[in-house]
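All remarks here apply to the structure that follows.
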Amino acid sequence: LPVLYMHPEFNGQLIQFFDELVTQLPTNSPTWIGSSTSRAFLRSQDNNSQVWPIWPGTIAVGRSQENDVVIFERWVSQKHAEIFSRCFPGEQVTPTYFLKDISRFGTLIYQSGDWQRIHRDEVAIISGTLVKFGSSQGQAFEFVIETTKDFS
343 LPVLYMHPEF NGQLIQFFDE LVTQLPTNSP TWIGSSTSRA FLRSQDNNSQ
393 VWPIWPGTIA VGRSQENDVV IFERWVSQKH AEIFSRCFPG EQVTPTYFLK
443 DISRFGTLIY QSGDWQRIHR DEVAIISGTL VKFGSSQGQA FEFVIETTKD
493 FS
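Quick note, the sequence shown lines up with residues 343 to 494 if you use the numbering used here.
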């Protein structure tokens with residue numbers, strides 16, 4: 343018969359269950375949620391009470407009900423665009439936000455005093471950027487970054 347040795351610090355538990363484990367990110371991680379001191383929003387220019395928060399990760403914009411921001415305009419694709427943020431090394435306060443067009447007709451961004459069409463491309467956007475999805479006749483949205491000291 344084999345002889346089994348039991349370590350003096352062994353508590354009798356062989357496997358630790360997942361609900362007992364708590365994942366913690368280090369405070370210097372660029373993905374650490376508490377390190378951000380800004381919030382981003384997409385606000386309708388037609389109706390200022392319509393505001394969509396842009397949470398960490400990606401938000402989807404389009405005509406389909408499955409999107410985070412649903413726009414009922416015929417020139418808006420079912421899945422039209424995505425807005426997301428990236429934190430770059432050394433950038434501790436404000437992440438960089440991007441708009442990625444995945445539509446058929448493109449997205450218009452107001453830059454340098456004129457509307458620029460982007461199509462199947464990804465561009466960085468800053469606070470105050472105006473966006474129209476699909477057509478120059480569509481409603482305008484303003485991308486806003488609000489800097490805060492505390493989220494609670």
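Beta carbons are placed, not taken as given, at the ideal position from N, Cα and C, and that holds for glycine.
For clarity, every value in this text was computed on a predicted model and none was experimentally measured.
Taking a contact to mean a Cβ-Cβ separation below 8 Å, would you say Tyr439 touches Ser427 in this structure?
For the purposes of this step, residue 439 is taken as residue 97 along the sequence shown, with counting starting at 1. For the purposes of this step, residue 427 is taken as residue 85 along the sequence shown, with counting starting at 1. In contact: Tyr439 and Ser427 (Cβ atoms closer than 8 Å).
In three-state terms, what does DSSP make of Ile401?
For the purposes of this step, residue 401 is identified with residue 59 of the sequence shown, where counting begins at 1. Secondary structure at Ile401: strand, using DSSP grouped into helix, strand and coil.
Mapping DSSP to helix, strand and coil, what is Glu424?
Counted from its first residue, the sequence shown places residue 424 at position 82. Correct three-state label for Glu424: strand.
Compare the Cα-Cα distances from Gly399 to each of Arg381, Asn390, Phe414 and Val412 and report the closest residue.
The sequence position of residue 399 within the sequence shown is 57, counting from 1. By alpha-carbon distance to Gly399, the top candidate from Arg381, Asn390, Phe414 and Val412 is Arg381.
Between Val473 and Phe383, which are expected to be in contact by the criterion C-beta below 8 Å, what is the C-beta distance as a whole number of angstroms?
By one-based count along the sequence shown, residue 473 stands at place 131. By one-based count along the sequence shown, residue 383 stands at place 41. That belief does not hold up - the Cβ atoms of Val473 and Phe383 are roughly 12 Å apart, past 8 Å.
Do you know whose CA, among Ser469, Arg459 and Ser419, lies nearest Ile396's CA?
Numbered from 1 along the sequence shown, position 54 holds the residue referred to as residue 396. It is Ser469 whose Cα lies nearest to the Cα of Ile396.
Hey, out of Gln420, Ile444 and Arg416, whose CA is closest to Ser477's CA?
Position 135 of the sequence shown, counted from the first residue, corresponds to residue 477. Of Gln420, Ile444 and Arg416, the residue nearest in Cα terms is Arg416.
Between which residues of its own chain and Gln481 is the CB-CB distance below 8 Å, once the five residues before and five after are set aside?
The sequence position of residue 481 within the sequence shown is 139, counting from 1. Residues of the same chain with a CB within less than 8 Å of the CB of Gln481, apart from the 5 flanking positions on each side, are Ser386, Gln387, Asp388, Ile413, Glu415 and Lys474 in chain order.
Let me make sure I understand the geometry here. Which of Ala402, Cys429, Ala423 and Trp394 has the alpha-carbon closest to that of Arg459?
Position 117 of the sequence shown, counted from the first residue, corresponds to residue 459. Comparing Cα-Cα distances from Arg459 to each of Ala402, Cys429, Ala423 and Trp394, the minimum goes to Ala423.
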